[in-house]
Amino acid sequence: MPKIISFDMDGTLVDAEFTDWVWGHGIPTLYAEKVGLSFEEAKDFVMQEYLKVGEGAIEWYDIKYWFRFFQLEESWRVVMERYTDKIKVYPDVHHILERLGGRFPLVLTSNAGREFIDIEMEATGLGRYFDRIFSATTDFGEVKKSADFYQRICEVLETRPQEIVHVGDHYEFDYLVPRSLGIRAFYLDRSRERSGDFVIPELRDLEERFPIIEDSRSQTEPACGRQGLKKSEI
Numbered sequence: 160m161p162k163i164i165s166f167d168m169d170g171t172l173v174d175a176e177f178t179d180w181v182w183g184h185g186i187p188t189l190y191a192e193k194v195g196l197s198f199e200e201a202k203d204f205v206m207q208e209y210l211k212v213g214e215g216a217i218e219w220y221d222i223k224y225w226f227r228f229f230q231l232e233e234s235w236r237v238v239m240e241r242y243t244d245k246i247k248v249y250p251d252v253h254h255i256l257e258r259l260g261g262r263f264p265l266v267l268t269s270n271a272g273r274e275f276i277d278i279e280m281e282a283t284g285l286g287r288y289f290d291r292i293f294s295a296t297t298d299f300g301e302v303k304k305s306a307d308f309y310q311r312i313c314e315v316l317e318t319r320p321q322e323i324v325h326v327g328d329h330y331e332f333d334y335l336v337p338r339s340l341g342i343r344a345f346y347l348d349r350s351r352e353r354s355g356d357f358v359i360p361e362l363r364d365l366e367e368r369f370p371i372i373e374d375s376r377s378q379t380e381p382a383c384g385r386q387g388l389k390k391s392e393i
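So for the sequence shown, our numbering puts the first residue at 160; every next one is plus one.
The structure is reproduced here in structure tokens:
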């Protein structure tokens with residue numbers, strides 16, 4: 160059996176509507192008011208500025224950076240809290256966290272910045288389930304949940320990769336990357352387009368898949384060491 164269960168956040172526990180509203184409505188609205196543009200004109204400009212930076216830059220994920228960049232005077236926290244009614248928890252989330260939280264330590268591993276994680280955890284009450292929360296961008300300066308990111312988490316938790324189960328909705332960064340290290344990753348495919356022993360359409364299906372983890376323990380897996388780490392420990 161696993162020792163620790165790790166969950167992704169956006170697309171796994173909550174949908175993406177909240178973040179879409181903050182980036183696509185909140186910031187453009189403030190910018191429109193600041194410079195006297197229509198909302199659509201401001202949104203077009205803001206989106207173009209996002210794209211100039213691109214997903215490969217850490218600034219892309221940093222709401223504080225964008226408030227400075229657009230010289231917005233209102234607090235980023237106030238703007239984010241304005242859209243907390245857009246945060247939607249998937250129906251199967253509380254059930255699985257209640258069940259597993261009584262048996263295993265739970266950790267949250269997200270690509271989102273701490274600002275988003277903290278507000279989403281507080282607004283939904285999900286934060287109470289997790290023993291540790293990790294942000295790839297804020298805590299480790301990683302723009303994606305890379306192999307480096309998962310290795311660092313193993314170190315912090317003092318746990319071998321094969322003792323962790325991770326579940327998330329991104330095929331590469333929640334499934335292929337952690338599995339390459341020996342983490343028992345499950346791909347959450349709510350669209351039901353994929354199938355397989357390590358593919359689940361709903362979180363409630365996770366627990367019943369644990370036996371296949373035991374069946375595959377004979378595989379040789381890497382220990383979680385310092386090799387390949389690029390950043391100093393936080």
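All residues carry an ideal CB built from backbone N, CA and C; glycine is no exception.
{"Check": "Residues that Phe-293 bridges to, as DSSP identifies them", "Outcome": "Thr-268"}
{"Check": "Bridge partners - Ser-350, DSSP secondary structure assignment", "Outcome": "None; Ser-350 has no bridge partner."}
{"Check": "Whole-angstrom distance between Glu-317 and Trp-235, CA atom to CA atom", "Outcome": "35 Å"}
{"Check": "Start and end residues, beta strand (DSSP E) containing Phe-166", "Outcome": "163-166"}
{"Check": "Buried/exposed call for Glu-199, threshold 16 Cβ in 10 Å", "Outcome": "exposed"}
{"Check": "Val-237, buried or exposed, once every other Cβ within 10 Å from all chains shown has been counted against 16", "Outcome": "exposed"}
{"Check": "Proximity below 8 Å, CB of Leu-259 to CB of Phe-289", "Outcome": "no"}
{"Check": "Limits of the unbroken beta strand (DSSP E) element including Gly-327", "Outcome": "323-327"}
{"Check": "Straight-line Cα distance separating Ile-292 from Glu-279", "Outcome": "12 Å"}
{"Check": "Any 3 or more C-beta pairs closer than 8 Å across the stretch 166-177 and the stretch 267-276", "Outcome": "yes"}
{"Check": "Ala-344 - partner residues in DSSP beta bridges", "Outcome": "His-325"}
{"Check": "Status (buried if at least 16 other CB within 10 Å, exposed otherwise) for Gly-327", "Outcome": "buried"}
{"Check": "Contact check, Pro-159 vs Phe-263, beta carbons under 8 Å", "Outcome": "Residue 159 cannot be examined here, being either before or after the span of the chain that is shown, 160 to 393."}
{"Check": "N- and C-terminal bounds of the alpha helix (DSSP H) containing Asp-179", "Outcome": "176-180"}
{"Check": "Residues near Val-248 by beta carbon distance below 6 Å, same chain, minus five either side", "Outcome": "Val-173 and Thr-283"}
{"Check": "Straight-line gap, Ile-217 to Trp-180 (C-alpha atoms, nearest Å)", "Outcome": "20 Å"}
{"Check": "For Ile-342, the nearest candidate out of Leu-189, Arg-319 and Val-358 (CA to CA)", "Outcome": "Arg-319"}
{"Check": "Proximity to Phe-332 [Cα-Cα], best of Pro-370, Leu-347 and Ala-201", "Outcome": "Leu-347"}
{"Check": "Residue interval of the alpha helix (DSSP H) (run including Leu-395)", "Outcome": "Missing from the structure shown is residue 395; the chain here goes from 160 to 393 and no further."}
{"Check": "Member of Leu-210, Gly-185, Pro-370 and Gly-215 whose CA lies at the smallest distance from the CA of Glu-240", "Outcome": "Gly-185"}
{"Check": "Contact belief for Arg-368 with Phe-345 at Cβ below 8 Å, rounded distance in angstroms", "Outcome": "7 Å"}
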